[in-house]
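Below: the structure, in structure tokens.
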Amino acid sequence: MADHMPLIVVPTYNEAENIERLLDAIHAHLPQAHVLVVDDGSPDGTGGLADARAGADARVHVLHRTEKAGLGRAYLAGFDWALARDYTHVFEMDADFSHEPAMLPVLLKRAETADLVLGSRWVAGGGTVDWPLKRQLISKGGSLYARTVLGVDVRDLTGGFKCFNRKVLEGIDLPSVGAVGYGFQIELTWRALDAGFTVAEVPIRFADRVAGESKMSPKIFAEAFTLVWKLRLGLA
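Heads up: take any position in the sequence shown, counting from 1, add 68, and you land on our numbering.
Structure follows, in structure tokens:
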């Protein structure tokens, strides 16, 4: 993996309790990676903490946005930033330690033989940590619903721990991506498959956030629920 130039895009909103420890953990497991913190004007000072780290570490970069405009918009801004530079692989990763930094080199290694690699909770060896049964059923059911409607074999369509080969982001018409919330994850994977790129799943253990508050909302869930039909019918 010596010739890889990975960038990890980390959207943040009020992640001051996590961001510095996350940066430390990322570089402990993938020292060569650069990290782009995309901060949506966090009132708790997350952006300032990221700026301080960027000033001391050339591997850390910060993209400031003036308002909270949704997870999808944050990632799209990060992807545009990445594609304007020479990164070979671009990761999506949450800031709350629900995605284990130790899995970064595993996903990057798998990306040598797949165009898009998904950290998957719902393949053999994957799972969740301390989730109640109701939450597991909702998540599994959502993935089953999405893959059934779309007619694909991907087991975890809603997960947000991903490694893209650069050519995928260059080939899926990012400006036309419409989803804002967690439906964004479904839409990107669907677009990659529809464009003929190979998608692989690597088992991960997904834990609840270490600190801070979840960004999930009924509106975000509803968007993902209706999006799959729009994608299947060619309306999105």
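Beta carbons are placed, not taken as given, at the ideal position from N, Cα and C, and that holds for glycine. Fair warning: this is a prediction, and the values are worked out from it, not measured in the lab.
Query                                                                                                                              : Result
Residue span of the alpha helix (DSSP H) that contains threonine 196, given as start and end                                       : Looking at the DSSP string, threonine 196 is not in any alpha helix (DSSP H); the run it does join, the beta strand (DSSP E), is 195 to 197.
Residues that DSSP places opposite aspartate 164 in a beta bridge                                                                  : In DSSP, aspartate 164 forms no bridge with anything.
Three-state secondary structure (DSSP) of valine 278                                                                               : Because the pLDDT at valine 278 is just 49, under 50, the model does not fix this residue reliably, and the point stays unresolved.
Leucine 184 and valine 236 closer than 8 Å at C-beta                                                                               : yes
C-alpha gap between methionine 171 and proline 111, whole angstroms                                                                : 30 Å
Cβ neighbours of valine 278 in the same chain (closer than 7 Å, five flanking residues each side left out)                         : Any reading at valine 278 needs caution, since the residue's pLDDT is 49, under 50, leaving its predicted position unreliable; the model's value is listed next. The answer, listed in chain order, is Asn86, Asp164 and Phe165.
Pair within 8 Å by beta-carbon distance, cysteine 231 and phenylalanine 159                                                        : yes
Touch test, the segment 71 to 80 against the segment 104 to 118, Cβ-Cβ under 8 Å, three pairs minimum                              : yes
Rounded straight-line distance, which links the Cα of lysine 298 to that of proline 169                                            : 34 Å
Residue nearest to glutamate 269 in terms of C-alpha spacing, selected from Gly251, Gly227, Met73 and Val245                       : Gly227
Residue range of the beta strand (DSSP E) that includes aspartate 107                                                              : 102 to 107
Option in Pro271, Ala145 and Gly239 with minimal Cα separation from aspartate 262                                                  : Gly239
Beta-bridge partners of lysine 230, as assigned by DSSP                                                                            : Glu160 and Leu186
Proximity to aspartate 154 [Cα-Cα], best of Ile254, Arg300 and Asn233                                                              : Asn233
Proline 74 beta carbon less than 8 Å from that of leucine 176                                                                      : yes
Runs of alpha helix (DSSP H) lying entirely within the segment 125 to 162, each at least 4 residues, in chain order                : 139 to 151
Neighbourhood of valine 197 by C-beta distance below 8 Å, restricted to the same chain and skipping five residues each side        : Arg273, Phe274, Ala275 and Asp276
Nonlocal neighbours in the same chain, by C-beta distance under 8 Å from glycine 113, ignoring five residues either side           : Ala84
Start and end residues, beta strand (DSSP E) containing leucine 75                                                                 : 74 to 80
Same chain only: Cβ atoms within 7 Å of valine 178, ignoring 5 sequence neighbours per side                                        : Residue 178 is actually arginine in this sequence, not valine. Val185, Ala268 and Val270.
For glutamate 273, three-class secondary structure by DSSP                                                                         : Rather than glutamate, the amino acid found at residue 273 in this sequence is arginine. Reduced to three states, the DSSP call for arginine 273 is strand.
Rounded separation between lysine 283 and leucine 205 - CA only                                                                    : Because lysine 283 carries a pLDDT of 47, less than 50, the predicted location of this residue cannot be relied on, and the following value inherits that uncertainty. Rounded to the nearest angstrom, the two C-alpha atoms are 19 Å apart.
Residue(s) in a DSSP beta bridge with alanine 118                                                                                  : In the DSSP output, where bridge partners are listed per residue, alanine 118 has none listed.
Chain-order list of residues whose beta-carbon lies under 8 Å from that of glutamate 88 (same chain, five-residue window excluded) : Leu117 and Arg121
Cutoff 7 Å; reference threonine 294; Cβ partners in own chain excluding five residues on either side                               : none
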